[in-house]
Structure formats: C-alpha cells, structure tokens
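Residue numbers (full-length UniProt numbering): 1 to 509. Presented below is the structure to which this report refers.
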C-alpha cells in the first residue's frame with residue numbers, strides 16, 4: 001500500500017473514532033456529559049468564562065478565554081444602543097431578555113388603531129446580534145436572581161414550545177461586567193381594579209388587547225336589542241394619564257373614529273366618546289405651556305373630553321370612580337374600554353438587585369446609579385434607562401444617550417487595557433478616564449391627532465416650539481429617521497401609504 005493510501009486510511013479511522021466519541025457524549029445524561037467535557041470548560045485565565053448549564057458554554061464562547069464576558073440585560077433603547085455601538089471584538093457579549101425584539105415605542109399608540117402594523121416597529125434582536133459578530137449571543141430568558149459577589153445570574157427560559165406555559169428550564173451564567181437595561185413596567189399606584197379591568201400601553205402584547213377591547217365594544221354596541229344606556233357605556237373610551245403616551249393614544253383613537261369608523265359604522269361613530277383623565281392640572285406637564293394650551297384647545301375642538309386635576313380612585317367591571325382634587329367630590333363614570341397610561345415603575349429584577357445591597361439601594365423607584373451609571377453598592381454593574389433613579393425623565397432618548405455613552409466607555413477601557421482586552425484595572429480607573437454622563441435634550445415631539453403634532457426643539461441656547469400640520473410632517477420624518485433599520489422605515493412608510501389609500505383596520509384573531 002502506498003504512503004498516501006496509508007495516510008488516508010489513518011485519517012479516516014481517526015475521523016470515524018472522533019465521530020463515535022461525539023455521538024456517545026451526545027447521548028449521555030446531562031451530568032455525564034459535563035464530565036466528558038470538563039477539559040473544554042476549564043479556563044485557566046483571570047477572565048471569567050461564560051457558564052451555561054454546567055460550565056459548558058454553547059457555540060464556542062468559552063473558548064474566548066482572553067476576553068471578558070459582558071452581559072446585557074434587556075432589548076430596549078439602552079441595551080440595544082450599547083449592543084449596536086460596542087466594539088464586540090473586545091468582549092464576549094451575551095444579551096438576555098424575555099423579549100426577542102427591539103420595540104420602537106414612539107409608534108406604539110398608532111399600532112393600537114391600525115395606523116401602523118405591529119411587525120413594522122419590531123426589529124428582531126437576532127438581526128442585530130447577527131450583525132455584531134460571532135462572539136455575541138442572545139438568550140430569550142428571564143433573569144430571576146443574581147449573585148453580586150460571585151458574579152452569577154440565574155436565568156429561566158422564556159420560550160415555551162410545548163404551549164404548556166409551565167416554568168422554563170433554569171440555568172446559570174457568569175459575567176465579568178453586567179449592564180442592566182430591563183426598563184420599567186406600568187405603575188398602578190395601588191389603584192383597585194386596574195390590573196383586572198384596564199388595558200396598558202407598554203408592550204406589543206398590549207396592542208392586541210386594546211384592539212380586541214375596541215372591536216368588542218363596537219360590535220356589542222351594534223346589536224339591535226341593546227339598551228341606549230348600555231350602548232353609551234360601551235362607546236365610552238377612557239384614557240388615564242395625560243403624558244405623551246396617553247395624549248398620543250387619544251389622538252390616534254380620534255383619528256380612527258373620524259376617518260374610519262365614521263364610514264364603517266356611521267350610526268355608532270357619532271356616539272363614541274373619548275375622555276382623558278389626568279391627575280395634574282394640565283396634560284403634558286413636561287411641555288411648554290403654549291403647546292399644552294394648543295393641545296387642550298385641539299382636543300376641545302375634536303370632542304375629546306379632558307378631566308384634569310382628577311384622580312382615578314377605583315376601576316370596576318363597568319364603571320370607574322374619579323375624585324376631583326380641588327373639590328374632593330367623587331363621581332362614577334361608565335366605560336366600555338379603559339387604557340391606563342399613568343406612569344411607570346421598576347421591574348422585578350431591579351428590586352431583586354436592590355435587595356442584594358439594601359443599605360445602599362434605598363429607593364423603591366429603581367436602581368440608584370452614580371454619574372458614571374454604576375449601580376451603587378455593587379462592582380462591575382451598570383444600569384440605564386427606566387429601571388434607574390435619576391434626575392432625567394424616563395424617555396427613550398435618555399436611555400439611548402446613556403447606551404452610547406456606556407458603549408464608548410467600554411470601548412475606551414478595552415483600548416486602554418492594552419491588546420484590545422478590557423481589564424479590571426482599566427475599569428477601576430473609570431472615573432479618571434471618562435467624563436460623567438450628561439444628558440443633552442434633543443427636543444420633544446408628540447402627535448395629538450388630526451394630522452397635527454407639537455414639538456419642542458433646542459436651537460442655539462433657546463428652545464423653539466412648533467405645532468400644527470407641518471409639525472406632524474416633521475414628526476413622521478423623525479420617526480422614519482430614528483427607526484432601527486431600513487426595513488422598519490420602509491415598512492412604516494408603507495403602512496402610512498396603505499392607511500391613506502385604504503384606511504385602518506383593528507382586526508384581531
């Protein structure tokens with residue numbers, strides 16, 4: 001036999017043996033498999049390896065022994081901006097979130113009435129991860145616990161392929177650096193009945209719920225044998241909260257009624273009422289008083305009733321109780337649909353992290369951070385966005401700017417650490433090497449219905465205000481510019497075109 005043939009035969013034998021070993025290992029129980037792979041899971045470096053399901057890191061991440069592991073929690077404005085701006089060649093990056101997409105929240109109210117479609121403002125996080133390199137991984141999971149001293153997170157798998165809705169598989173991962181951007185959730189202020197009877201407007205799942213409530217109310221009101229009082233109740237739409245989200249939803253709802261329902265069900269459209277309830281003396285308290293006056297004047301012209309200086313005391317199955325702050329009088333309002341957009345509060349993980357350092361994290365509103373976004377009382381943990389306590393308003397642009405600042409800080413620390421690898425010593429000098437985060441307002445925009453919008457824009461050392469139809473054009477252009485991808489921008493523009501030609505739809509399964 002020739003030398004070449006002998007070499008080929010040995011190579012085939014070696015390959016076959018390796019394949020058999022791999023097959024045997026894959027059929028072993030999980031504990032046995034861990035022992036079989038113990039050599040590959042041992043990292044003899046200062047850097048902490050990624051640990052998933054018993055020290056076996058998937059997709060080869062554990063092999064990047066010289067790189068630090070940076071874990072990003074959340075797929076909102078802050079965490080997604082960090083992911084997009086971070087130099088991922090310097091880190092093993094792991095993104096963990098129960099939501100596998102980025103949501104463009106400024107257009108969420110328009111989705112509820114069919115002005116834009118849900119998929120148009122959702123950017124799959126794996127699209128973003130795929131563009132960031134091979135050392136970036138995503139896990140659709142909920143973080144249920146953290147060991148701040150051992151730098152370990154407990155994850156519960158969020159996906160449920162079996163449709164049993166049973167608790168998911170739990171696992172643990174380690175981190176060198178942790179960025180918490182889990183956002184906030186709706187704040188009920190302890191008001192009875194809100195959780196049970198109200199719709200919220202925070203996540204994509206809320207859109208389907210609101211659409212279904214609106215559709216059901218209209219369809220029930222169209223029955224011939226229904227009483228006039230019951231019909232009026234069903235056609236009363238109540239929005240609680242006079243911030244940008246509540247105002248924009250009220251404006252979008254008015255557009256649906258005046259432009260579409262007036263053609264589909266004209267006998268009902270004229271009877272639909274919209275009431276916006278705000279506990280403060282005016283809606284849009286963060287906007288210039290000229291814009292507030294303009295908005296309230298436009299709402300009055302379009303028939304949207306404003307109850308300012310009024311707090312919701314309780315929500316029942318068919319009525320809600322309100323109390324006037326000035327007079328103290330209470331009244332019951334029958335309603336068909338109520339949407340709660342009255343504020344946000346910290347999510348559960350923020351409270352879990354707070355409980356690990358209770359002597360320092362004393363605010364129930366969220367995580368206390370310093371001027372470098374570091375979570376006080378912890379090491380190598382940063383937080384941004386709505387889950388934090390800061391002087392800045394809970395706005396998307398605040399979280400986005402924090403994400404850009406933090407990614408630049410990580411990139412700089414990796415570079416200063418030498419060899420493109422981030423070091424603990426580099427981050428310990430973060431205060432000396434990096435200027436503190438400072439928020440710079442890019443202005444505020446809000447759509448108020450009737451193809452009108454309002455805007456506050458910084459110009460030189462002043463702030464200019466705009467309102468009216470031209471401002472609505474500017475608002476749309478801004479949304480298209482800020483959308484996360486060309487695909488999303490084209491989809492939203494197409495949705496607007498279809499709405500202009502064919503109208504809206506609030507059909508749901």
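Every residue gets a Cβ at the ideal spot worked out from N, C-alpha and C, and that includes glycine. Quick caveat: nothing in here was measured; it's all calculated off a predicted structure.
Local Cβ density within 10 Å of residue 137, reported as buried at 16 or more and exposed below that: As a first step, residue 137 is located in the chain shown; it is residue number 137 there, counting from the start. Its Cβ being crowded by 16 or more others within 10 Å, residue 137 is buried.
Mapping the DSSP letters down to three states, classify residue 299 as helix, strand or coil. Here residue 299 is taken as the residue at index 299 of the chain shown, counted from 1. Helix, per DSSP.
Do the stretch 279-297 and the stretch 243-258 make contact, defined as three or more Cβ pairs closer than 8 Å? In this structure the stretch 279-297 lies against the stretch 243-258, because at least three pairs of beta carbons, one per stretch, are closer than 8 Å.
Using the Cβ count rule (16 or more neighbours within 10 Å means buried), how would you classify residue 71? The residue given as residue 71 occupies position 71 in the chain shown. Around the CB of residue 71, 16 or more other CB atoms lie within 10 Å, so the residue is classed as buried.
Measure the CB-CB distance between residue 114 and residue 505 and report whether it falls below 9 Å. In the chain shown, the residue the question calls residue 114 occupies position 114. In the chain shown, the residue the question calls residue 505 occupies position 505. Taking 9 Å as the Cβ cut-off, residue 114 and residue 505 qualify as a contacting pair.
Reference residue 333; option with closest CA among 326, 327, 311 and 344: Here the question's residue 333 lines up with position 333 in the chain shown. For the residues 326, 327, 311 and 344, the minimum Cα distance to residue 333 belongs to 311.
Residue interval of the alpha helix (DSSP H) (run including residue 185): Numbered from 1 along the chain shown, position 185 holds the residue referred to as residue 185. From DSSP, residue 185 is part of no alpha helix (DSSP H) but of the beta strand (DSSP E) over 184-186.
With DSSP as the reference, identify every bridge partner of residue 382, one or two as the case may be. Here residue 382 is taken as the residue at index 382 of the chain shown, counted from 1. Residue 382 is bridged by DSSP to 179 and 374.
Beta-carbon contacts of residue 7 that lie in its chain and below 7 Å, excluding the five residues immediately before and after: Along the chain shown, read from residue 1 onward, the residue named residue 7 stands at position 7. Caution is warranted here: a pLDDT of 43 is assigned to residue 7, below 50, making its placement in the model unreliable, and the coordinate value is therefore given only provisionally. Result list for residue 7: empty, nothing under 7 Å.
Rounding to the nearest angstrom, what Cα-Cα distance links residue 240 and residue 188 in this structure? The residue given as residue 240 occupies position 240 in the chain shown. The residue given as residue 188 occupies position 188 in the chain shown. C-alpha separation (whole angstroms): 11 Å.
From 97, 89, 243 and 119, residue whose alpha carbon lies closest to that of residue 446: By one-based count along the chain shown, residue 446 stands at place 446. The residue with the shortest Cα to Cα distance from residue 446 is 243.
To which residues does DSSP link residue 157 through a beta bridge? The residue you call residue 157 lines up with position 157 of the chain shown. Looking at the DSSP assignment, residue 157 forms a beta bridge with 141.
Just to confirm, are residue 317 and residue 197 a CB contact at a threshold of 9 Å? In the chain shown, counting from the first residue as 1, residue 317 sits at position 317. In the chain shown, counting from the first residue as 1, residue 197 sits at position 197. For residue 317 and residue 197, yes; Cβs fall inside 9 Å.
Short Cβ contact (9 Å threshold) for residue 82 with residue 441: For the purposes of this step, residue 82 is taken as the residue at position 82 of the chain shown. For the purposes of this step, residue 441 is taken as the residue at position 441 of the chain shown. Cβ atoms of residue 82 and residue 441: not closer than 9 Å.
Reference residue 204, options 116, 380, 276 and 194, closest by Cα: In the chain shown, residue 204 corresponds to position 204, counting from 1. Looking at the Cα atoms, 116 is the closest of the given residues.
Whole-angstrom distance between residue 232 and residue 389, CA atom to CA atom: On the chain shown, position 389 is the one that residue 389 refers to. On the chain shown, position 232 is the one that residue 232 refers to. Whole-angstrom Cα-Cα distance: 42 Å.
With a Cβ-Cβ cutoff of 9 Å, do residue 180 and residue 349 count as a contact? The residue you call residue 180 lines up with position 180 of the chain shown. The residue you call residue 349 lines up with position 349 of the chain shown. In contact: residue 180 and residue 349 (Cβ atoms closer than 9 Å).
Integer Cβ distance of residue 503 from residue 345, believed to fall under 8 Å: Stepping through the chain shown from its first residue, residue 503 is reached at position 503. Stepping through the chain shown from its first residue, residue 345 is reached at position 345. Contact doesn't hold; Cβ gap of about 37 Å is too wide.
Indicate the three-state DSSP secondary structure (helix, strand or coil) for residue 310 in the structure shown. Translated into the one-based positions of the chain shown, residue 310 becomes position 310. Here residue 310 sits in strand by DSSP.
Do you know how far the Cα of residue 274 is from the Cα of residue 335? Walking along the chain shown from the start, residue 335 turns up at place 335. Walking along the chain shown from the start, residue 274 turns up at place 274. Going by the C-alpha atoms only, they are around 10 Å apart.
So residue 112 and residue 211 are in contact, right, with Cβ under 8 Å, and what is the actual spacing, rounded? As a first step, residue 112 is located in the chain shown; it is residue number 112 there, counting from the start. As a first step, residue 211 is located in the chain shown; it is residue number 211 there, counting from the start. Confirmed, about 6 Å.
So, helix, strand or coil for residue 105, using DSSP? For the purposes of this step, residue 105 is taken as residue 105 along the chain shown, with counting starting at 1. Helix at residue 105.
Excluding the five sequence neighbours on either side, which residues of its own chain have a C-beta within less than 7 Å of the C-beta of residue 373, listed in chain order? Sequence index remark: in the chain shown, residue 373 carries index 373 (1-based). So the qualifying residues of the chain are 382, 383, 384, 402, 406 and 437.
I need the straight-line Cα distance from residue 214 to residue 337, nearest angstrom please. Taking the chain shown and counting its residues from 1, the one referred to as residue 214 is at position 214. Taking the chain shown and counting its residues from 1, the one referred to as residue 337 is at position 337. Residue 214 and residue 337: Cα-Cα distance of roughly 7 Å.
Within the continuous beta strand (DSSP E) that includes residue 96, where are the two ends? Taking the first residue of the chain shown as 1, we reach residue 96 at position 96. That run of the beta strand (DSSP E) goes 91-97.
How about residue 307 and residue 277: do their beta carbons lie closer than 9 Å? The residue given as residue 307 occupies position 307 in the chain shown. The residue given as residue 277 occupies position 277 in the chain shown. Going by C-beta atoms, residue 307 is nearer than 9 Å to residue 277.
Could you give the distance in angstroms between the alpha-carbon of residue 291 and the alpha-carbon of residue 298? If you number the chain shown from 1, residue 291 lands on position 291. If you number the chain shown from 1, residue 298 lands on position 298. Distance between the alpha carbons of residue 291 and residue 298: 10 Å.
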